[in-house]
Structures are given as structure tokens and as C-alpha cells.
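Taking this note's numbering, the leading residue of the sequence shown gets -16, the next gets one more, and so forth.
Notes for the one structure printed next.
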Amino acid sequence: MHAARDRPPERHPVCRSAAIAGGSPHGRARRGGTGFRLAQRALFLGTPEFAVRSLEALDRLRESGVLQIVGVVTQPDRPASRGVVREPAVKVAARAMGLSVRQPPRLDEKEVAAILALRPELLVWSAYGNKIPKTLLAAVSGRALNVHASLLPRWRGAAPIAHAILAGDTETGVTLMEGTAELDAGPILAQTRTKLGDETKGDLERRLADLGGELLEREMPNYLAGRLVRRPQDPKKVTLAPKLEPREGELDLERPAEELVRRVRAYTPDPGAFVTFHGQRIALLRASTAGGGGVEHGTFQIRDGVPYIAAGAGWLRLDEVKPAGKRAMGGAEWARGLRDVRPDERVPS
-16 MHAARDRPPE
-6 RHPVCRSAAI
4 AGGSPHGRAR
14 RGGTGFRLAQ
24 RALFLGTPEF
34 AVRSLEALDR
44 LRESGVLQIV
54 GVVTQPDRPA
64 SRGVVREPAV
74 KVAARAMGLS
84 VRQPPRLDEK
94 EVAAILALRP
104 ELLVWSAYGN
114 KIPKTLLAAV
124 SGRALNVHAS
134 LLPRWRGAAP
144 IAHAILAGDT
154 ETGVTLMEGT
164 AELDAGPILA
174 QTRTKLGDET
184 KGDLERRLAD
194 LGGELLEREM
204 PNYLAGRLVR
214 RPQDPKKVTL
224 APKLEPREGE
234 LDLERPAEEL
244 VRRVRAYTPD
254 PGAFVTFHGQ
264 RIALLRASTA
274 GGGGVEHGTF
284 QIRDGVPYIA
294 AGAGWLRLDE
304 VKPAGKRAMG
314 GAEWARGLRD
324 VRPDERVPS
């Protein structure tokens, strides 16, 4: 159990006020007894598993009569191994909810026209993976929400979770912002904060997805009622989180062991952290640090049956690995199967 999971998340609505700064975008809306328009026509855009929790939140709001979901837009199916086609997680979830799904490779003029034929009044997106055109935003008068997996303005971009881990952040969270054409740059509406422990990217992504869905469901009625204040992002505090490249997963063993452990966590499960040993790629799924020094970086040792690699500072203990073409296994199990290992053999870096 991770320490971070034992603490409840901190919720930070940016405000509570009578209207969104600059006026509520729903001033012409028919209002019910709760103060917000009933059955707002929402269009959802998202692709990976992270976005499914936000779609599920919208579906619960649909069931409670807060809004309608007029359609879902996601990325096209992608080829996987052995000729299998992989469907986006959002597509699978949307079909199970009985929602119509569109999968354009890009939101060009023709696709925007097809979307507008659905008469959306509100856009909601999470980890969609394509730029939202200004024409689409203009058609809904800027009524757009974006669920992002960081505490903006820190970590704008495609890989916020991984970069938070790489940087050694001790706190992270999710942001509900007003969607704009500029990447992750919209005014902040609400945030949920949480401690960041020793989780991998995959572990943390699942936890933040849940928090993001909860935040969206909780704050949507407040947004529709005009009770959320828009707080502009401080440009001086912006940090960027570009997509991780697979080649960057190869460990530079001249770096300190503590940094390498963070890289293993940030690259698991994808695109993967690895070393090459005896000509074979060895993916590292879990690793930890150990003290010691006095040997050249890359030195490989087996101590009490457990494999270690010397880093620029300290040692890297290989707790779980996946040799190319084989299943995942504990480091000790992998070490037992090694042959012809020379004393203090070096791992190339």
C-alpha cells in the first residue's frame, strides 16, 4: 500500500461566486429550481483509459438530468501486435453507454461541421490527443471544460503524470479548467490536490483519473450555475510536459540511482525503462535504491540472489524485470536464470 493512497485528496474549488468572471456563459439558459439549465447538450472528447472516468462522470450527470450527451469524439483505432486492432478505451466505454462515437484522425472543417450538426452547447474533454479548433469553440460560445492530470500551470502538455514523477514532485492533482484553443492554457476553475508517493505512472494515472471524474461530477452543476470563478494561469509558473519518447527509456547509468528509480516509475508501463545486458533488452518494472559506491557506474553484481547495478551515485536494485520476449518476473528469479556472469561485469550505458 502506498503512503500517498492513505491520505484523502484535498479539494480546491477556485472559488464560489454568483457568476463566472465576465458573466455566466449560460445567461440565456432556461433555469430550473437548482439554478442551472436542465439537460445541457454536451459533447465529450477523450481517448485513453484516463478519460473514461470523466466520461462516466458525465454519464452519471446524464442519468440525474443535469445534461445530455449528444456524442463522443475519440481517436481512430490503432493497429496493435499480430494484426490486432486496438480500440480507444473511451470508444469501448461510450458504446457500452449507448452513445454515438466519431473517430476522425483530425478535427478538420468537414468534421467540425458534422459535430455541429449534433447541436452541442458544451464541450468537455480529457486527454483527447488532438487540438480543439477555434471554430468549434466559437460555435459553443467558449463553453468548454478540460480535465487535466496536473496542478496547472505546472505540467502543461501530453505527459503531465510522468513529468511530475521525473521531477520528484511530492504533490500532484487534477485541474478542471475552461477549455481554450491553446494547449492547457485556460483559466482554472477548480483543482483537487493529492500527495505523490512511490507510485508508477500507471498507478498514479488510475488514481488521478478517479479524482478527475469526481471533480468534474462535483463541479459541473456549479459551472452551469455560474458559481465558478475563472483564475488565469500565472505564465511565470508554467512548466511543460512533452510526450515521452521510447528511446529516452534507456537508463543513463551515470545518473544517480535515486533519479533512475524515478525514471523507471515514470516510464512504467509505457513507453518503458530498460537496460541492455548480454545483448538482451531488459525492461525494468520496479526498482529501488541501495547505498554503497566505490565502483564504476554500470557495474553489475548479484548479492544474496538479488541483482544490482551501480549508478553514478548509489546502486540500483532490480526488483521486477521483463526480459525481451518473456513474462515479467522478480529480479531474483531473473538473476537465477543468468549464465556466464563475470564478477563486476558492466552493463553498457
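Where a beta carbon is used, it is the ideal one built from N, C-alpha and C, also for glycine.
Quantities reported herein were computed from a predicted structural model and do not represent experimental measurements.
Reference residue i, options the options, closest by Cα
i: residue 288; options: 103, 99, 318; result: 318
i: residue 76; options: 88, 54, 96; result: 54
i: residue 370; options: 173, 206, 59; result: Absent from the model: residue 370. The displayed extent of the chain is -16 to 332, so no value can be given.
i: residue 124; options: 204, 130, 116; result: 116
i: residue 56; options: 170, 69, 90, 47; result: 90
i: residue 126; options: 188, 170, 33, 264; result: 170
i: residue 189; options: 156, 121, 242; result: 156
i: residue 332; options: 265, 49, 64; result: 265
i: residue 197; options: 120, 34, 23; result: 34
i: residue 316; options: 293, 285, 329, 330; result: 285
i: residue 234; options: 240, 258, 254, 81; result: 258
i: residue 110; options: 158, 80, 147; result: 158
Extent of the continuous alpha helix (DSSP H) run through residue i
i: residue 195; result: 184 to 207
i: residue 143; result: 143 to 149
i: residue 41; result: 32 to 46
i: residue 294; result: Per DSSP, residue 294 belongs to no alpha helix (DSSP H) and is neither H nor E.
i: residue 75; result: 72 to 79
Pairwise C-alpha distance: residue j and residue i
i: residue 244; j: residue 271; result: 6 Å
i: residue 274; j: residue 297; result: 5 Å
i: residue 8; j: residue 103; result: Because the pLDDT at residue 8 is just 36, under 50, the model does not fix this residue reliably, and the point stays unresolved.
i: residue 166; j: residue 92; result: 20 Å
i: residue 175; j: residue 324; result: 49 Å
i: residue 29; j: residue 322; result: 47 Å
i: residue 210; j: residue 177; result: 24 Å
i: residue 163; j: residue 85; result: 21 Å
i: residue 129; j: residue 137; result: 15 Å
i: residue 132; j: residue 154; result: 12 Å
i: residue 31; j: residue 71; result: 6 Å
i: residue 5; j: residue 205; result: Note that residue 5 has pLDDT 32, beneath the 50 cutoff, so the model's placement of it is unreliable and the number below is only indicative. If you take the alpha carbons of residue 5 and residue 205, they lie about 16 Å apart.
i: residue 327; j: residue 281; result: 9 Å
i: residue 295; j: residue 231; result: 18 Å
i: residue 47; j: residue 185; result: 31 Å
Helix, strand or coil at residue i according to DSSP, with G and I counted as helix
i: residue 317; result: helix
i: residue 115; result: coil
i: residue 93; result: helix
i: residue 232; result: helix
i: residue 308; result: coil
i: residue 242; result: helix
i: residue 180; result: coil
i: residue 62; result: strand
Start and end residues, beta strand (DSSP E) containing residue i
i: residue 109; result: 105 to 109
i: residue 131; result: 127 to 131
i: residue 25; result: 23 to 29
i: residue 54; result: 50 to 56
Residues of its chain near residue i, where Cβ-Cβ distance is below 7 Å and the 5 sequence neighbours each way are ignored
i: residue 268; result: 251, 303, 304, 305, 311
i: residue 193; result: 36
i: residue 200; result: 40, 43, 44
i: residue 101; result: 26, 53, 54
Residues of its chain near residue i, where Cβ-Cβ distance is below 6 Å and the 5 sequence neighbours each way are ignored
i: residue 320; result: none
i: residue 74; result: 57, 84
i: residue 241; result: 272
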